Amino acid sequence: MKQSIICDSNQNETEISALMADGIVIFPRQLKWKLINTAQQVKLQNPTENRFAIKVKCTDNNLYRVKPVFTFIEPKSSVIFNVNRYDSNATIDHILFLTTSAEKTDDNPRLLFADSMANSDETIEMMKTAPLINS
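Residue 51 in full-length UniProt numbering is what sits at position 51 of the sequence shown, and the numbering runs on without skipping anything.
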């Protein structure tokens, strides 16, 4: 898996704005919550010519809700994920975007991940938007 960090020329290393993994760009690289029971967005951008299925996982499903959990990201397009954090103590958590290649004829991303787990096909661990911080 190839990863690179994207930042504006006027940003320092602690203000990194995005992460690129296997051609997919993730904005922002880090989420911080000052208020609980609020939502933030993560954008995945696919500048490649390939279609991918995406599955989202996080370290605490009781604390976070991410929608959509399964989706496709088309070539040269982007997808917005809504991340809700519910009331709890301050923690550092992670969100993980898993990708697998998808054909134009595929219509259910959930099935692609079920098949890959059953067949031991390679599913790419794409990125941890780490940390999800309650501050």
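Quick reminder that beta carbons are idealized off the backbone N, C-alpha and C, glycines included.
Being a predicted model, the structure only gives us computed values, none of them experimental.
Quick check on DSSP: helix, strand or coil for residue i?
i	result
residue 110	helix
residue 36	coil
residue 53	strand
residue 99	strand
residue 24	strand
Apart from the five residues on each side of it in sequence, which residues of its chain come closer than 8 Å, Cβ to Cβ, to residue i?
i	result
residue 63	85, 86, 88, 91 and 93
residue 128	In this prediction, residue 128 scores a pLDDT of 39, lower than 50, which makes its location untrustworthy; the coordinate-derived value is nonetheless stated afterwards. 94, 95 and 96.
residue 41	80, 81, 82 and 83
residue 113	53, 55, 70, 98, 100 and 123
residue 36	85, 86, 87, 88 and 134
residue 104	51
residue 109	53, 54, 55, 70, 71, 72 and 102
Which whole-angstrom value is the C-beta distance of residue i and residue j, which I expect to be below 8 Å?
i	j	result
residue 78	residue 31	Actually they are not in contact, since the Cβ atoms of residue 78 and residue 31 sit about 17 Å apart, beyond 8 Å.
Leaving aside the five residues before and after residue i along the sequence, list all residues of the same chain whose C-beta is less than 7 Å from its C-beta, in chain order.
i	result
residue 13	Any reading at residue 13 is ruled out, since the residue's pLDDT is 42, under 50, leaving its predicted position unreliable.
Among the residues of its own chain, which have a CB less than 6 Å from the CB of residue i, if the five just before and after it don't count?
i	result
residue 23	48
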